[in-house]
Structures are given as structure tokens and as C-alpha cells.
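> Numbering (our numbering), first residue to last: 23 to 166. Ideal Cβ placement from N, Cα and C applies to all residues, glycine included.
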């Protein structure tokens with residue numbers, strides 16, 4: 023049982039190809055996926071597509087929660103595991119903000135001063151609004 027199902031959160035999730043390299047893709051097609059795990063900076067999905075693990079491929083995800091507007095997040099495939107028993111793949115997705123430039127996405131930001139000392143705390147802005155997601159006990163029927 024995954025952590026989303028264990029807490030009673032059932033989210034309907036769709037995936038689409040958003041960008042390949044610097045070229046934005048406009049296919050207007052989405053594919054349902056199973057959202058297995060979600061954190062502010064990464065998520066794990068299960069999908070029947072065989073996607074390559076390349077940094078040029080940027081995916082978009084539309085996440086529907088009951089009684090809340092749909093959320094859209096973007097990310098790149100970080101890792102992939104294939105299943106032997108059935109035709110499905112598990113993907114680790116690194117979530118990123120759609121407003122960032124490619125150079126900013128690849129750069130690590132350090133807040134530590136030059137001469138040591140403690141790192142300054144900076145507020146984190148998640149690309150998804152976690153406050154509006156439903157709590158335990160809310161269910162959503164997912165029909166394929």
C-alpha cells in the first residue's frame with residue numbers, strides 16, 4: 023500500500039510531454055498514471071509507457087483532488103524501474119517550477135556565508151498548493 027492510499031488520499035493524475043530540449047510540445051493528449059508517492063520536490067508514478075531517462079524530456083502532470091481545482095506540476099525523470107510480472111514502469115520524477123530557466127534548474131543554491139557561520143533560512147515555495155489537497159477520508163473514483 024502506498025502512502026497516499028494509506029492516508030485515504032486518492033488523486034486522479036494525468037501525464038503529458040511538456041518539453042523536449044528547448045522545444046515546447048503541443049500534443050494536447052494526456053495519459054492517466056498512478057501517483058504512488060508525492061513530496062514537494064519529487065514524486066513517484068507508475069505508468070505503462072516506456073519513457074527514456076534523459077534530461078531533455080520534461081513532463082507535465084495534472085493532479086485532480088476532490089473539491090479542489092486541478093494542480094499542474096512539471097518534472098524530469100530521475101530514475102526508472104521496470105516490472106517483470108506486468109508491463110508497467112515505476113518512475114521517479116524530480117518536480118521543478120515551470121518559471122525557472124534551464125540554467126537555474128541545474129544550479130545548486132548555497133546560502134552559507136563565505137567565512138562560515140550558519141546558513142540563512144529561505145522560504146520554500148512549492149509548485150503545488152498542499153493546503154487545498156483533501157485530508158484523510160476523502161476518496162476520488164478513478165476510471166480508466
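What three-state label does DSSP hand residue 106 in the structure shown?
On the chain shown, residue 106 is found 84 positions in, with the first residue counted as 1. The answer is coil: DSSP assigns residue 106 none of H, G, I, E or B.
> Confirm, please, whether the CB-CB distance from residue 39 to residue 56 is below 7 angstroms.
For this step, residue 56 is matched to residue 34 along the chain shown. For this step, residue 39 is matched to residue 17 along the chain shown. Result no, Cβ atoms of residue 56 and residue 39 do not sit closer than 7 angstroms.
> Which one or two residues does DSSP pair with residue 83 in a beta bridge?
In the chain shown, residue 83 corresponds to position 61, counting from 1. DSSP output for residue 83 lists 37, 95 as bridge partner(s).
> Decide if residue 42 is buried, meaning its Cβ has at least 16 other Cβ atoms within 10 Å, or exposed.
Looking up residue 42 in the chain shown gives position 20. Flag for residue 42 reads exposed.
> Who pairs with residue 101 in a beta bridge, going by DSSP?
Residue mapping note: residue 101 aligns to position 79 of the chain shown, counting from 1. DSSP, once it has assigned bridges, lists 114 as partnering residue 101.
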